[in-house]
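Trainee:
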Amino acid sequence: MTARATKAAEPQQLVLALPHRQAQEAEDFLVSRSNTAAVDLVDSWPGWPLHAATVVGPAGAGKSHLANVWRARSHASVVAARTLDETAVAAFEQQRTLVVEDIDRGIGSEQVLFHLLNLAREKSGSLLMTSRIAPGEMTIALPDLRSRLRAIPPVLIEPPDEALIRSVLVKLFSDRQLAVEPHVVSYLSLHMDRSMDAATRVVAVCDRLSLAMQRKVTRAVAAAALAAEREDAEDGGGEG
């Protein structure tokens, strides 16, 4: 299990206010109340109470990131649910672990997924699925699969809270080597849409405006970035 650590604060510098876990073959994953249950699920493997789990959360919440952490630990293969076919059974047989991504976006073969769930139980394997909506809200044609998926309690990633958004903004600015004052991050976190996708877009616009204006990211630049990002979303450029 990877230890969670808190980065030490330095005067007048932005720091990550949340614990983070080093994801194998992925960036740091910030931990907050909104995603603790999903992080605990990954960290508790292989001691899961069931042989299958479903992580449910909105787009950009970190489902694939956490699935990748678990993949690296369990040596699982990864398959998109919409492409699911018999080859996934062979992949599962190799390690008795498998990640099935985005089951809400279509399942290539419902019969194969039902078979995989049975195999995981019969062979003491583990199946990790991700979805933007709970399986109980999905339209599943195969009655046995529908019943089986609904019997697996979903592990939720909630929309990010303010603490997580602030830390994500700090990390995104740091990745771009932008020096930003704490009050600017606070302003953005209070006025932007509270989602990971929105944070990524706003920081990108701040970077672009900062370069164009040849000045650091101030509150005025942040306000302009928010206005530009909202205008882009209204024009259809943003994600829903």
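Take the sequence shown: its position 164, counted from the start at 1, is 184 in the numbering used here, and no numbers get skipped.
Here a beta-carbon is modelled for each residue, glycine too, at the ideal position from N, C-alpha and C.
Quick caveat: nothing in here was measured; it's all calculated off a predicted structure.
So, helix, strand or coil for Q44, using DSSP?
Mentor: With a pLDDT of only 43 at Q44, under 50, the local geometry of the prediction cannot be trusted, and the value read off the model is given with reservation. In the structure shown, Q44 sits in coil (DSSP, three-state: anything other than H, G, I, E or B).
Trainee: Please classify R235 as buried or exposed, where buried requires at least 16 other C-beta atoms within 10 Å of its C-beta.
Mentor: So R235 ends up on the exposed side.
Trainee: Per DSSP, V119 is paired with what?
Mentor: Beta-bridge pairing links V119 to V98 and L148.
Trainee: I'd like the span of the alpha helix (DSSP H) that includes A8, first residue to last.
Mentor: This structure gives no information on residue 8, because the portion of the chain shown stretches from 21 to 260.
Trainee: From the DSSP secondary-structure annotation, give me the bridge partner or partners of A261.
Mentor: With the chain covering only 21 through 260, there is no way to say anything about residue 261.
Trainee: Could you tell me the distance, in whole angstroms, from the CA atom of L86 to the CA atom of A58?
Mentor: Using only the alpha carbons, I get a separation of about 8 Å.
Trainee: Do L70 and I172 have their CB atoms nearer than 8 Å?
Mentor: Against a cut-off of 8 Å, the Cβ pair of I172 and L70 comes out as a contact.
Trainee: In angstroms with no decimal places, state the Cα-to-Cα distance between V223 and G126.
Mentor: Cα to Cα, the separation comes out at about 32 Å.
Trainee: Beta-carbon within less than 8 Å of V109's beta-carbon, same chain only, minus the 5 sequence neighbours each way: which residues are those?
Mentor: Counting only Cβ-Cβ distances below 8 Å, and skipping sequence neighbours, we find V132, H135, L136 and L139.
Trainee: Name the DSSP bridge partner or partners of V188?
Mentor: Paired residue(s): none; V188 is not in a bridge.
Trainee: Under a Cβ-count criterion, where at least 16 other Cβ atoms within 10 Å of its own Cβ denotes burial, should E121 be classed as buried or exposed?
Mentor: Buried, because 16 or more other Cβ atoms sit within 10 Å of the Cβ of E121.
Trainee: DSSP three-state label for L104, please.
Mentor: Three-state DSSP puts L104 in coil, outside helix and strand.
Trainee: To which residues of the same chain is R250 closer than 7 Å at the C-beta, ignoring the five residues directly before and after it?
Mentor: Here the set comprises nothing.
Trainee: Who are the near neighbours of A244 in its chain, counting only those whose CB is closer than 7 Å to its CB and skipping five residues on each side?
Mentor: Cβ neighbours of A244 beyond the five flanking positions: L229.
Trainee: Taking H95 as the reference, which of G80, S84 and A111 has the closest Cα?
Mentor: Nearest C-alpha to H95: A111.
Trainee: From the DSSP output, in three-state form, read off L162 for me.
Mentor: Note: L162 maps to coil in three-state DSSP.
Trainee: Would you mind reading off the limits of the alpha helix (DSSP H) that contains L136?
Mentor: Its alpha helix (DSSP H) spans residues E130 to E142.
Trainee: Would you identify the three-state DSSP class for L198, choosing helix, strand or coil?
Mentor: Of the three classes helix, strand and coil, the one that applies to L198 here is coil, per DSSP.
Trainee: Just grab the DSSP bridge partners of L176 for me.
Mentor: Note: L176 sits in a beta bridge opposite V76.
Trainee: Cα-Cα, which of S129, L148 and G82 is closest to E106?
Mentor: With distances taken between Cα atoms, E106 lies closest to S129.
Trainee: Pairs of beta-carbons, one from the region 72-84 and one from the region 163-183, closer than 8 Å: are there three or more?
Mentor: A contact exists between the region 72-84 and the region 163-183.
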